[in-house]
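These notes are about the structure you will find just below.
Protein chains: 2
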Amino acid sequence: MPKQGPITRPGVRGSRTGRPIMALLDLLGRRWTLRIIWELREGALTSRALRTACDEASPTILQTRLTELREAGFVELTEDGYGLTALGRELFATFTPLNRFAERWSKQGGS
Amino acid sequence: MPKQGPITRPGVRGSRTGRPIMALLDLLGRRWTLRIIWELREGALTSRALRTACDEASPTILQTRLTELREAGFVELTEDGYGLTALGRELFATFTPLNRFAERWSKQGGS
DNA sequence: TCCCGTTGCTACATTTAATGTAGCGATATG
DNA sequence: CATATCGCTACATTAAATGTAGCAACGGGA
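For the record, the sequence lines run as chains A and B. Each number in our numbering comes from the position in the first sequence (counting from 1) with 5 added on. Each number in our numbering comes from the position in the second sequence (counting from 1) with 5 added on.
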């Protein structure tokens, strides 16, 4: 369904430069991707639990994103449901400064 | 145009919990947002230069994202064009580990 | 003044992505 | 065999993004 193939391959939007960060920003910039990684931070969730956690996002798009994230190696389907791989946990770890930044940001009135 | 109001306010998708990180993930998860911040990292760009840097993304959506980013306090319009604010540069700084991660990720073949 | 070129920005028709609802086949439990 | 859940998909509707064109405003030259 995505017109673009697997991540890190040619054709991924924004990655024509060959810079991996572009492919990553492209993947993370798709709707619900960041949220999914965030919601899986504390452990695996079933597809339906994940849907609940993600504010009842449509199963269609969640499935699409989960497939992309699995292809990218960030998420895996275990017997406990969907969970972050070791790589996915590394990725999540890079969000930590983002989280602290968000706290500061909200307190100084971004808008 | 965005049916949701300014960021950090009620109604922003994914931020009903009141956690700032949700509002931030929502904003950053919109198409081209991450890319724009990335492209402005080395200095201000005119709207058209930014468009070129962003792979000729449509001016409509760039304008929408720039407005959102200005409302969020990450981007400002100076006489040199669009540039990151001090806050925007702080946000970009949190991407640094992401960049290093992207390099590792691409070398181990995510897909 | 007139002509260019550039700026930021907008209109609008088309295409693509996401939503919402329903339900499939498979597996497990009673 | 009836229920209930799992991961996942179909499909019609709605929302978002694209692509192309062009606006008004400003700033030089000639």
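Note that beta-carbon positions come from the ideal geometry of N, C-alpha and C, so glycine has one too.
Where the alpha helix (DSSP H) through residue i begins and ends
i, result
"Glu61(A)", "That residue, Glu61(A), is in no alpha helix (DSSP H); it is neither H nor E in DSSP."
"Leu32(B)", "25-33"
"Thr92(B)", "First, the residue type needs correcting, since residue 92(B) is Leu and not Thr in the sequence shown. First-last of the alpha helix (DSSP H) with Leu92(B): 91-98."
"Glu108(B)", "101-112"
Close beta carbons around residue i, own chain, < 6 Å, minus the five adjacent residues each side
i, result
"Arg46(A)", "Phe97"
"Ala58(B)", "Glu44"
Contacts around residue i, its chain only, beta-carbon distance under 7 Å, and the 5 residues preceding and following it disregarded
i, result
"Leu92(B)", "Gly78, Phe79"
"Pro64(B)", "Arg56"
"Gly1(B)", "No answer is possible for residue 1(B): it lies beyond the span of chain B, which begins at 6 and ends at 116."
"Arg70(B)", "Arg35, Trp37, Thr38, Ile41"
"Thr51(B)", "Gly86"
Environment of residue i [buried if 16+ CB atoms lie within 10 Å]
i, result
"Leu82(A)", "exposed"
"Glu44(B)", "buried"
"Glu73(A)", "buried"
"Ala62(A)", "buried"
"Ala54(A)", "exposed"
N- and C-terminal bounds of the beta strand (DSSP E) containing residue i
i, result
"Leu50(B)", "Leu50(B) -> no beta strand (DSSP E), and no H or E assigned at all."
"Glu2(B)", "Outside the displayed range of chain B (6 to 116) lies residue 2(B), so it cannot be described from this structure."
Cβ-heavy atom distance, residue i to the ligand COA, below 7 Å
i, result
"Phe100(A)", "For the structure depicted, the ligand COA is absent and the ligand set is empty, with no information on it obtainable."
- Item | Members of the region 40-58 of chain B that neighbour chain A once the beta carbon cut-off is set at 7 Å | Arg40, Trp43
- Query: Listed in chain order, which residues of the region 79-93 of chain B have Cβ atoms closer than 9 Å to some Cβ of chain A?
  - Reply: Of all residues in the region 79-93 of chain B, Phe79, Leu92 have a Cβ within less than 9 Å of some Cβ in chain A.
- Task: Could you list the residues in the region 99-111 of chain A with a C-beta less than 9 Å from some C-beta on chain B, going in chain order?
- Result: Thr99, Phe100, Thr101, Pro102, Leu103, Asn104, Arg105, Phe106, Ala107, Glu108, Arg109, Trp110, Ser111
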